[in-house]
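Below is one structure, written out as structure tokens, with a few remarks after it.
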Amino acid sequence: MQQDILVNWSPQETRVAIVESGAVQELHVERTLERGIVGNVYLGKVARVLPGMQSAFIDIGLERAAFLHVADVWQKPVDGEPPRHGQPVPIEKQVFEGQSLMVQVIKDPIGTKGARLSTQVSIAGRLLVFLPQDDHIGISQKIPSDQREALRSRLVKLVGEPGGGFILRTNGEDASDAELAEDIAYLRKTWARIREASMKLPPGSILHQDLNLLQRVLRDLVCEGTQAIRIDSREQYGLLLGFGQEYMPAAAAKLQLYKGERPIFDLYNIDEEIAKALGRRVDLKSGGYLIVDQTEALTTIDVNTGGYVGSRNFDDTIFKTNLEAAHGIARQLRLRNLGGIIIVDFIDMQREDHREAVLGEFRKQLARDRVKTMAGNFSQLGLVEMTRKRTRESLAHLLCEPCEACQGKGTVRTARTVCYDILREILREARQFNPREYRVVASPKVVELFLDEESSHLAGLSDFIGKPISLQSETAMGQEQYDIVLL
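For the sequence shown, full-length UniProt numbering gives the first residue as 1, with consecutive numbering after it.
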């Protein structure tokens, strides 16, 4: 499948869209202020060693000193033997105050806590992870066991002379020898640059920063079908071209500077697609639609015929709607970056050949996804259960936050329900206190209901407790919010 990659850059945010057949299939967003430091390599200086905690504080040039625990201190193998897995060597015998130490961040700073560090450096590539302090050749545990030995043999031949270890990532399972060799060369060149910098720069300096989104476009998103990578910033185009020519010349050759008058994302209505990808309802061309609900545990997708009535018979209408939905669902999974357990409720089909055709088309569309997916058969309830590997935050989690009014529930109590809650609360307060008057401060819709349809109930409660009840409308309050003031 041929694709174009569009890059919209601004100082505060980088947005990348992958376009196939004129339609947006994937969106990637990275914000400057929210970018973490996990994966960065620093030349640190040991500030304090705490034997009682078996840890040390390391100054890496940030606002707060970072934290290194003894379990994260790499122990060099002795006489070719792997590090012992028993009691580690005490930290006070491995590091000392004032020592310069190459460290890598494995956990971002949180609140008042500094970053957590490790002295075992690992550098991630597109297909491999490089372990410069090891000579181990490993294969991801997620790759089937019957394929691991063959892949390990291939990798040993490509690595050649010892000089660091490599772990094959899951997405490198089907990679060619040329792709693996290119990744090995890139990782070794990156490590050589880190070592060179560690001998020149003072303690507290950053030696290696994990790739930003622009650079990851060349490393992770470019494939054989990529026709062009268009970027709308001249400055970033120059920087990315220099990076690509040094590390990934084949990908760099596809870079183009976009000089058009219209914003680059307007070419394919990408901002409009982003807005649609944040909604529950996705309209299909035929008139049918999908309802996408994302929860903590799983995501559910419901298929509906909507306004599509077909031209022949009811079974044919359902079949065509489900076929179109199979395309739409596969696209939405990529566009929204939905991961974990996903339940798809296709419209019930009576014919077995229709079910097989829809499931076959669905799996065909899922096969185009760069993220690993696995789909089962139709269950007894007519549902299709599938999984998609979580690689990053979903688009909704990245761009949205829970609604202050409904606290993420997606619904709020009706104004009438809130009115009755207020009446019960006033009665509760009247049994404990004896104020001169009760004043209800609530949203305009609740106050309006009290003045109209619920006025008799409010008056009846006022007579029952023997106290006046006044109303005050507050536009800043949500429908569920209210306050009862004792005067």
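Here a beta-carbon is modelled for each residue, glycine too, at the ideal position from N, C-alpha and C.
Between E393 and chain D, is there a C-beta pair that is closer than 8 Å?
In the structure shown, chain D cannot be found, because there is only a single protein chain.
Counting C-beta neighbours from all protein chains within 10 Å, is the total for S100 16 or more, i.e. buried, or is it exposed?
exposed
Return the chain-ordered list of same chain residues with a C-beta closer than 6 Å to the C-beta of G478, the five sequence neighbours on each side being excluded.
A405
Can you have a look at L180 and say buried or exposed, based on whether 16 or more other CB atoms are within 10 angstroms of its CB?
buried
For E437, which residues from the same chain have a beta carbon less than 7 Å from its beta carbon, with the 5 sequence-adjacent residues on both sides left out?
K467, P468, S470 and L487
Quick one: what's R188 bridged to in DSSP?
Paired residues: none, contrary to the question.
Grab me the residues of E474's own chain with a C-beta within less than 6 Å of its C-beta, minus the 5 sequence neighbours each way, in chain order.
V441
Shortest alpha-carbon distance to I5 belongs to which of Q365, A252, E97 and R154?
A252
Which residues bound the alpha helix (DSSP H) around D353?
E352 to L366
Taking the alpha-carbon of V222 as reference, which of E448, E454, V16 and I184 has the nearest alpha-carbon?
V16
What beta strand (DSSP E) runs, 3 residues minimum, are completely inside the region 253–284?
255–257 and 281–283
6 Å Cβ shell around E30 - same chain, five flanking residues per side excluded
T14 and L213
Excluding sequence positions up to five away, which residues of its chain have a Cβ less than 6 Å from the Cβ of P82?
In this predicted model, P82 has a pLDDT of only 49, less than 50, meaning its place in the structure is not dependable enough to derive any value.
Indicate whether residue 490 and M386 have their beta-carbon atoms separated by less than 8 Å.
This structure gives no information on residue 490, because the portion of the chain shown stretches from 1 to 487.
In whole angstroms, give me the CA-to-CA distance for L218 and F243.
9 Å
For Y482, I'd like the list of residues in its chain whose CB is within less than 7 Å of its CB, leaving aside the five on either flank, ordered along the chain.
V418, I422, V440, V441, A442 and V446
What do you reckon, are the CB atoms on V105 and V38 nearer than 8 Å?
yes
Return the Cβ separation of F378 and L366 in integer angstroms, given the expectation that the two are a contact with Cβ distance under 8 Å.
With 8 Å as the limit, F378 and L366 do not qualify as a contact, their Cβ atoms being about 15 Å apart.
Contact check, R336 vs A277, beta carbons under 8 Å:
yes
Between which two residues does the beta strand (DSSP E) containing R31 stretch?
A23 to R31
With distance defined between alpha-carbon atoms, name the residue in E224, D220 and Y258 nearest to Q236.
Y258
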